[in-house]
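Protein chains in written order, with my numbering: chain F, 73 to 515; chain U, 692 to 947; chain D, 6 to 298; chain A, 77 to 470.
Structure first, commentary second.
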Amino acid sequence: MEVKVRPFDCWNDFKNYRMNYYKEYLEAKDKGGIRWAGSAWSFDPVPQGLGEDVYPLTGEPYGATAAFFKDFSMRALETIERKGAARDLCGYMRNYWGSVAMDRYLLADGSEIEPFPKPDFNFTIHICCSHAKWYHYAAELEGGVPTYAVDISVGPGYTLDDKKIEYVVRQLEDAITWMEKVTGREYDDELLIKAVENEAKSMTLWAKICKLNQAKPAPMEEKSMFSFYVLTLIRRSDERVVKLYEQLYREVENRVKKGIGALTYEQFRFVTDNPPPWPFLKVYRYLEQNYGAVSVGSIYTFGLGAAWLGMDEKGENWIWEPAPTPEEAGFEIHDRRSALWWTALFNLKYRASWQHEYSHWVRKQETYQMVKDWHTDAIIMHLNRGCELWNMSTLEVRDYLVNKGIPVATYEGNMADPREFDEARTFNVIDSFMQSLGIEKLT
Amino acid sequence: MAVAGIDVGTKLTKVVIMDEDKNILAYVIERTGTDHKKSSEEAFEKAVEKAGLKREDIKKTIATGFGKISAPFADDEVTQVIAAGRGAYYVKPTARTVIEVGAEESRAIQLDDNGNVKDFSLADKCAAGAGSFVDAMIRYLEVTPDEFGQLALQATRAIPMNAQCVVFAESEVVSLLHSNVPKAEISRAIHDAIADRVAAIARRIEIKDDVLLIGGLANDIGFIDAMKRELGKDVHVPENYPPELVPAIGAALSAL
Amino acid sequence: MVTVQESEYWRWPETIWVDESKNWQDAEVISCGIDLGSVSTQAVIMADGELYAYASMRTGTSSTASAEKAVNAVLEKIGDMTRENIHYTVGTGYGRVSIPFANKTITEIACHGRGAVYVYGNTVRTVLDMGGQDLKAIKVDSRGKVINFLMNDKCAAGTGRGIEVVCDMLSVPITEVGELSLKVDEEPEPVSTTCVVFAKSEILGLIRKGWSKEMILAAFFNAVSSRVVELLERVGVEPDFAITGGISKNVGVVRRIERKLNMKALEPKVDPQLAGAIGAALFARALYIKSKK
Amino acid sequence: MVTVDELPEMKKFIEWFENRHEYAKKWKEKTGGKVVGYYCTYMPEEIMYAAGILPVRILGSHEPESITRPYLHDMYCPFCHDTLAQALQGRYDYLEGVTIAQSCLHMRQSYFSFADRVENIEWSYYLPFPHGVNNPHAGDFARHEFEKFKKAVEEWTGKEITDSDLDNAIEVYNRNRELLTKMFELRKADEPLITGLHAMYIVVSSQLVDKAEHNQVLESFLEKIENGQVENDREIGTRLMLIGSEDYDEELFKLIEYGMSYPATFVFEENCTGSRYFWGLVENNGDRLMALAKRYVYRVPCPAKDWARGDFFGRRRFQFIEDVIRDWNIEAVIIAQMKFCDPHELDIPSLREMLDKMGVRHLHLELDLTQPVGQFRTRVEAMIEAMGEEDLFI
């Protein structure tokens, strides 16, 4: 059946925000502002208390952008390998480190700036076994940028207790003292409170938008979602980001009402799990054009960017419902400690991707429920050689889903290293999968 | 009326001519040259001739392997997974697990009772190249392919060798050779290592009886033996046709 | 079983040579070096530390027999020399442990370092040895003593072997691929990987796209030289720079490495594939003289 | 006079190492107790020991296998594949429980598959141990988790763990640590009698058997060595240090210490089947769980947990390595890196730099399930030649 399609009205606004983001970071010092760098999983609201002119640079989205520009990426990867970085390390970070080591900074439009704008400090987290070490190594390459990482290894959200939260909160309190020392600025708790509220708004709004994609036809396909979700990873505590998500929510809601889809022919719906191979997003195009197959959701974009209720208290079922805002949760944010408590709780409990690192069961339930709730026919999994964290449990999930009768295809690649992707093999997997399911090519 | 299936592989080009009752009238297996189009054209002509037919007698041709790009005269193409699955069901209707080991690609396919592909798994990057690895090893050991398989059966000792990466495994084989380890033991070590990798691919799908081994390596008696050991169950090979022909048969069936 | 004729595009030809201008009987010390590599074996006879004769043969399946064969071949070529006339023999290379008549074994890394100084002169500081299985970057002092070295990691294993594979795929003899790869108007993008397994699949793709052999070789050698330069830069390239091993004869790789390093490789005085065996023979001489003191 | 290899104590260590499963089975028969397998040296074994459990470290067998790839990604390390392979082959069929103190991702995944897929496992526990060991709050957090762990053990075993149970466990474990440290101290000698292979057998076997029993044998072993009853039958050669992770592959030690053209001996292993396992005592001062928490948090860290934080910019492990190189008179370092181990890979460039600055030669070997003997031999021999090949030149 032919479906109405139209471009997103707010597409350009999202694009511009991302374009400006890298520029704002670059130009921050010209106006006496502060630059910090860290993982996209960092407690993004916390440095915001240093002032209204604080600009982050998160490493994973930067690495993904670099990977998209293959020429830059190849130079970055080769540069860092010459310094002795192993090829199986995080694909994003090899691009990031390579960029630092080449002393070249990439803007979102692909243009390059020299030198690389060093951050005033690195502020990150540690969840996989190398997150904090990423920035330790980056700091060494940068010639010794002060670095602080928050250990969040407290276990899955449904097992949280006050002492676990307390552990993270105390580290965040220390971090603030440390940031004051490093930057010589006085910390403003009001700004922190605002930022923490914005973070919650951005992430729950994105969850609500994701939910709208359960509609048939799906209003968004995955490549659009990549462009939308990324703001939660680069600066989710920014009020402008909240506004953009409000705008997007209204638009997607409207599309659903009017039956506007992402694809003219939606004959096959699937979900994905891992970060995509950024240099080869044509995988998605191939699926869409040849098979009318649309990716309607992803553990990656939904799980990382949005806040969800997640595992129920007993740890039995996964619930893909947006997480509560502080008001809905009856939580009052009135000072530094309550603000830090909320952001710790919010991230530890409702960020889906933090839960499934602690158990296969969580990842299985989460994935199974996504396949069901978004009304899909299958899952296409990326055996991503570029991220060992995202690869955790994936094969166990595959096994689980196959046993439940859900068709699963896997292809091998790397989210950010073009040398580890074989186009012909991947298309071959897709064709074999579709043929085995009896899905005909569109003519 | 007759149809054809053509499978252009990295090493060999296979053509099957079939009548409408699914009888195989003729087949050829030829070396794939650097010019794929030329190779496929020549092999096709040869097969048609062998079947005692003319080109215009072939109503439909389906390509697999590299597909239409290497055999432009084909009417359509089908993926290797589907072709191998259909071919396997044809040569052995009781086959439920099909394991194909070719020069560059290895794959495992699960068939349902009607011969449809239920699940499949392909070799990961670091496990690819099993067939051409064997070719290289045969060169190093200076034996014929037949001798290579036979040798493995004579080994008195199993040397553990990790063949996660065939390139790196080659260096290990060279070391063994230079340490004067008997050829039989080296051959056994290579076969075990490959069987290990291939079984790992197969285990991603459910391994149900009967297991059918196809592709070039299914000619290798040492490999069949190693697979039996590795899977702990009986392993079959096609009885009436060369094991590397199976996907071409599947392609021909797809043309009916 | 289907048998298919295999052509051997990947093999290097065999050579046996003797310096007719000299008489070995004038020499005080006759030393022998044998480099038993994965693909080829070199036996070198030196008279008082000067290259006198050598044989470069294919390595067979038995290391011991291959070493015997190479030594016998060179002795036969000389004519009047027997095993007894050799004062000291050093074995090196992959198969060094199985040369029963060697007095001592020394690694190919030390031997290539020492040999490089003989083959290229004592200004050489950085030696790249590229064999079938391994890639080695070696830094030496003016006497050829190894100061530091690095070898490839797993994913760059078999880079030399990869070249043989490509020769086979394209049906071009290994002696010609280098020259051929330089016959391109514009350097194509490198193939994206040097993993032999992956590169093969990529090259097959290029063949199907109708790329010329020249372009494919250029793309592949471009990638290989990047990988090599990466290793060299990790050990630190100090001039002068030289390449030993079979790949040194491949101008397609050598020129590209030079371009990337922005540095000329030294011209060899003798066949650089002999460097390991020459180094072994020079060590053999030193060890013999020391044993007599 | 006898050699180390001829000592009955050494034979006992090797027997324990080689017949680890038989030991545990017999122990069960004898005591009727429960056996729990654990991943990672951050596991506070004392708590289990206090409950009458025999904790055994889960290890692999260094045999090629093909059964883990349906569950574990190809790019996960050989150790986690190997350990899971043991479980899937039923070699750990005597375990009642399996547990992990939070460590790296790869082991986490292996643990989950182990716990899910092995039928005889009736109890599994994921212990969230801090990643941030360079952090002043980690002790409190670890204590909190240890307390929960202790409760879970009590609930499962039905046995209350009293203070005196804990005191006893700590004492037995500390005694083992003291003895193992002493064994390492003896290797400072110019002519150490204990090789890396011996030390590996001793340290690893202590993770597989009842510590009290191990203590007895180790005490007697050390006594004989100190009393001069043991002679050396091998050339020491180059003094090597091993830096790595789970290095318990006999072939690796045999190759380097017994199989090369040049003599060489490991005199220190900075790895989790060596010094990282036992270095540092529990300072039992009343709050037993806090004492345990501090020991595990502040021991020489695994690279997975050793990172810059705030004012601390270095790596605690490197400071330890520096001291060892000086005190044990190390001539060369072998960096034995488990393939695909990200935490180690993230330390190696900086480690090389540090060793270069110290003027210590080093060699990087990438370990897999089985080792490429020919390649390793060439690399190690070449390093030793480069260190002292003077007599090859005229």
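The beta-carbon is built from N, C-alpha and C at its ideal position, and this holds for glycine as well.
- The straight-line gap separating the alpha-carbon atoms of lysine 155 (chain F) and glutamine 507 (chain F) is approximately 45 Å.
- Contact with chain A is found for arginine 148 (chain D), since one of that chain's Cβ atoms lies less than 8 Å from the residue's Cβ.
- Not flagged as an interface residue toward chain D: arginine 96 (chain A), since no C-beta distance is shorter than 8 Å.
- With fewer than 16 other CB atoms across the displayed protein chains lying within 10 angstroms of its CB, alanine 496 (chain F) is exposed.
- Remark: C-beta atoms of serine 217 (chain D) and arginine 261 (chain D) do not approach each other more closely than 8 Å.
- With a contact defined as Cβ atoms closer than 8 Å, leucine 279 (chain D) and glutamine 47 (chain D) qualify at about 5 Å.
- Annotation: the continuous alpha helix (DSSP H) that includes glycine 377 (chain F) extends over 371-377.
- With distances taken between CA atoms, arginine 239 (chain D) lies nearest to D:Asp158 out of D:Pro193, D:Ser43 and D:Asp158.
- A Cβ-Cβ distance of about 6 Å is found for the pair phenylalanine 80 (chain F) and glutamate 323 (chain F), placing them in contact under the 8 Å criterion.
- The secondary-structure analysis by DSSP pairs tryptophan 22 (chain D) across a beta bridge with D:Tyr59.
- Within its own chain, the residues whose Cβ lies closer than 6 Å to the Cβ of alanine 115 (chain D), once the five positions on either side in sequence are excluded, are Val151, listed in chain order.
- For glycine 724 (chain U), there is no enclosing alpha helix (DSSP H), as DSSP gives it neither H nor E.
- DSSP places glycine 113 (chain A) in the strand class (E or B) of the three-state scheme.
- Within chain U, the C-beta atoms nearer than 9 Å to that of glycine 450 (chain A) come from Ser862, Glu863, Val865, Ser866, Leu867, His869 and Ser870, in chain order.
- Between the beta-carbon of valine 926 (chain U) and that of valine 902 (chain U) there is about 5 Å, and that keeps the pair under the 8 Å contact cut.
- From the listed residues D:Ala75, D:Lys297, D:Leu175 and D:Leu187, the smallest Cα separation to arginine 63 (chain D) is found for D:Ala75.
- Between the region 440-460 of chain A and the region 844-858 of chain U, the count of Cβ pairs shorter than 8 Å is three or higher; the stretches touch.
- Under the Cβ distance rule, arginine 497 (chain F) counts among the residues neighbouring chain D, one pair being separated by less than 8 Å.
- DSSP, reduced to helix, strand and coil, places isoleucine 39 (chain D) within a strand of the structure shown.
- Per DSSP, the continuous alpha helix (DSSP H) segment holding glutamine 292 (chain A) begins and ends at 287-302.
- The region 443-457 of chain F makes no contact with the region 867-887 of chain U, as fewer than three CB pairs between them are under 8 Å.
- The C-beta of arginine 352 (chain A) comes no closer than 8 Å to any C-beta of chain D.
- The Cβ neighbour count for isoleucine 265 (chain F), taken over all protein chains shown within 10 Å, is at least 16; the residue is labelled buried.
- Contact between the region 135-145 of chain F and the region 102-122 of chain F is absent: fewer than 3 CB-CB pairs across the two stretches fall below 8 Å.
- Relative to the Cα of proline 425 (chain A), the nearest Cα in the group F:Cys282, F:Ala138 and F:Tyr209 belongs to F:Tyr209.
- Nearest to glutamate 236 (chain A) by C-alpha distance, out of A:Met151, A:Phe344 and A:Tyr125, is A:Tyr125.
- Segment contact: the region 700-710 of chain U against the region 912-919 of chain U, fewer than three CB-CB distances shorter than 8 Å; contact not assigned.
- Phenylalanine 388 (chain A) sits exposed, since fewer than 16 C-beta atoms from the chains shown fall within 10 Å of its C-beta.
- With contacts defined by Cβ atoms closer than 8 Å, serine 425 (chain F) and glycine 375 (chain F) form a contacting pair.
- Serine 231 (chain D) is outside the set of residues whose beta carbon lies under 8 Å from a beta carbon in chain U.
- For glutamate 876 (chain U), no Cβ of chain A is located within less than 8 Å of the residue's own Cβ.
- For serine 337 (chain A), no CB of chain U lies under 8 Å from its own CB, so it is not counted at the interface with that chain.
- Classified as exposed, threonine 128 (chain D) has fewer than 16 neighbouring CB atoms from the shown chains inside 10 Å of its CB.
- At a cut-off of 8 Å between beta-carbon atoms, aspartate 810 (chain U) makes contact with chain F.
- Residue state for glutamate 736 (chain U) is assigned as helix, using DSSP reduced to three classes.
- Between the region 97-110 of chain A and the region 124-142 of chain A, the count of C-beta pairs closer than 8 Å reaches three or more; the two stretches touch.
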